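Residue 211, in our numbering, is where the sequence shown stops; the numbers in between run on with no holes.
Note that the Cβ used here is the ideal one computed from N, Cα and C, for glycine as well.
The structure presented is a predicted model; accordingly, all values stated were derived computationally and were not measured.
What follows is a single structure, written as structure tokens, with notes after it.
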Amino acid sequence: MEPQKPKPTPKPAAKPPAPPAPAPTPPPAPKPTPTPKPTPTPTPPPKPTPTPSEPAPKPTPPPAPTPPPPAPPAVYQWNQLSYGGIGDGTEPEMRLGESSWVWQRQGLSIGGQQYAHGVSVHSRSSVTIDLNRTCTAYDALVGVDDLTLGLGAVRFSVYVDGARAWQSPVVRGHDAAVPVHVGLSGAKTIRLVVEPQT
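What follows is the structure, encoded as structure tokens:
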């Protein structure tokens, strides 16, 4: 009988390699510090609406002063006019050399009516008056002087700057005086004419 060979001892199994050491857990990242929110400014309470006060009454303005009344217009009576060259050239004047005879009177009668002032001229007459200033109107009463004893008939005319501005009807002795009104705005001369009528 053969001797038994000793069985080889099996080599111990190799130990499995040790598992790798776990990686160290990294520490948690620090949380960022939050930026503090600004504290909101508190909204101020609304101001109370003031109660509107009544406006102070406006003082009453003093009344405007009453303007003085306009001065009455100057009146130049024909029986008081000077002739040119004698006056100072600032008032109406009768023109020498172009005017007929004029009798400046302080009283006369026409148609039985007495008048305090006036002039007498011949039945054919022409008298030119330079106004020498701003005038508004020529006003008069014309007729046959009672000194004629009721005789004669005439027609009166007024010319302004050479143009006839007024003419009367035929006026006879004892007729009432005829009123005359002629505007003189802007005029420089007037001519007073008497012409005999049959």
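{"Item": "Supposed close pair GLN90, HIS130 - CB separation, criterion 8 Å", "Value": "6 Å"}
{"Item": "Option nearest PRO105 by Cα separation, candidates THR62, GLN127, TYR151", "Value": "TYR151"}
{"Item": "Length of the line joining the Cα atoms of PRO75 and ALA84", "Value": "26 Å"}
{"Item": "MET107 versus VAL167 - alpha carbon distance", "Value": "22 Å"}
{"Item": "Coarse secondary structure for MET14, derived from DSSP in three states", "Value": "Low local confidence applies: a pLDDT of 47 at MET14 is under 50, so the model's placement there is unreliable, with the coordinate-based value given in what follows. In the structure shown, MET14 sits in coil (DSSP, three-state: anything other than H, G, I, E or B)."}
{"Item": "Coil, strand or helix - TRP179 by DSSP", "Value": "strand"}
{"Item": "Secondary structure, alpha helix (DSSP H): runs of 4+ residues fully inside the stretch 123 to 177", "Value": "none"}
{"Item": "Given 8 Å, three or more beta-carbon pairs between the stretch 141 to 148 and the stretch 95 to 104", "Value": "yes"}
{"Item": "SER133 and SER113 closer than 7 Å at C-beta", "Value": "no"}
{"Item": "For ALA189, the nearest candidate out of TYR128, PRO81, VAL207, GLY175 (CA to CA)", "Value": "TYR128"}
{"Item": "Cα-Cα separation, ALA178 to PHE169", "Value": "11 Å"}
{"Item": "Reference GLN218; option with closest CA among ASP101, LEU160, ASN92, GLY110", "Value": "No information on residue 218 is available, as it lies outside the stretch 14 to 211 that the chain covers here."}
{"Item": "Whole-angstrom C-beta distance between GLY124 and GLY156, which should lie under 8 Å", "Value": "6 Å"}
{"Item": "Strand pairing of GLN117, partner residues [DSSP]", "Value": "VAL132"}
{"Item": "Under the three-state DSSP convention, the category GLY199 falls into", "Value": "coil"}
{"Item": "Identity of the residues DSSP links to TYR89 by a beta bridge", "Value": "According to DSSP, which records beta bridges pairwise, TYR89 is partnered with nothing at all."}
{"Item": "Environment of VAL183 [buried if 16+ CB atoms lie within 10 Å]", "Value": "exposed"}
{"Item": "Beta-carbon proximity list for MET14, same chain, < 7 Å, skipping 5 on both sides", "Value": "Confidence in MET14 is poor, its pLDDT being 47 and thus under 50, which makes the residue's placement too unreliable to answer from."}
{"Item": "Which listed residue (GLY165, PRO86, VAL206, LEU164) has its alpha carbon closest to that of VAL193", "Value": "VAL206"}
{"Item": "Test item: CB-CB of GLY186 and THR161 under 7 Å", "Value": "yes"}
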